[in-house]
Amino acid sequence: MSLLLVGQMALLAGCGRQPYWDRVLSATVSDDERTIVAEMMVGPPEDDGTSCYEVTDKETEESATQVRIAVQLRNNCAPAFPWQQEYISLEGYPLKVEFRLKAPLAERKIIDRLSGEPVTVIDG
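In the numbering used here, the protein residues as written are 4 to 127.
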C-alpha cells in the first residue's frame, strides 16, 4: 500500500513543472539580420536573482516570406504538487532567447508559431 502511495506521489511531483510553448511578442534583429533575439516576459526571479524559467526548446522555420519562431519554457519554481499555491505576479521580467538564421531576415516577417501572429520588431 505504501509503495503504491509513493508511486502516485512521484507521478504527481512533476505536474507543475512541465515545459510549455509560450508566445513571442517582441524581438530585436541584429545589424547583419542573421540573429533574432526574442524577449519573453516571465515571472519574478528567485531571491538570489536567478530566473525560475528555463528555455527547454526553441524552433525556427524559415521560408521565403517569413521566419516562424517558438520558445518552450519551464517554470522551475512552480509548485511540484497540483494542490500547492503558486505565487503569481503581474510584473513581467525579460528573458532573452537567441535564434540564428540560415539567411538574412531581409523583408521576411517574424511570426510567433504558437499564435500565428506577427512578432513586434523593436529597434535595438
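By construction, the Cβ of each residue, glycine as well, lies at the ideal position given by its N, Cα and C atoms.
- Would you kindly work out how many angstroms separate the C-alpha atoms of GLU120 and THR53, rounded to a whole number? 30 Å
- Task: Closer than 6 Å by C-beta to PRO107: which residues in its own chain qualify, once you throw out the five before and the five after it? Chain order, please.
- Result: GLU36, ARG37
- 8 Å Cβ shell around GLU49 - same chain, five flanking residues per side excluded: CYS55, CYS80
- Under three-state DSSP, which class holds LEU6? Caution is warranted here: a pLDDT of 45 is assigned to LEU6, below 50, making its placement in the model unreliable, and the coordinate value is therefore given only provisionally. Correct three-state label for LEU6: helix.
- Given that a residue counts as buried once 16 or more other Cβ atoms are within 10 Å of its Cβ, and exposed if not, what is ILE39? buried
- Which residue comes first and which comes last in the beta strand (DSSP E) that contains LEU76? 69-78 is the span of the beta strand (DSSP E), which, as asked, contains LEU76.
- Where do the ends of the beta strand (DSSP E) carrying PRO97 lie? 96-103
- Task: Could you name the residues of the same chain whose beta carbon sits closer than 8 Å to that of PRO22, not counting the 5 residues immediately before and after it, in chain order?
- Result: THR59, ASP60, GLN75, LEU76, ARG77
- Task: Quickly, what does DSSP pair THR63 with across the bridge? List them, please.
- Result: Per DSSP, ILE72.
- Test item: CB-CB of LYS112 and THR68 under 8 Å: Going by C-beta atoms, LYS112 is nearer than 8 Å to THR68.
- Measure the C-alpha to C-alpha separation of LEU8 and ARG103 and round it to an integer number of angstroms. Caution applies to LEU8, whose pLDDT of 42 falls short of 50 and renders its modelled position unreliable; the model cannot decide the point.
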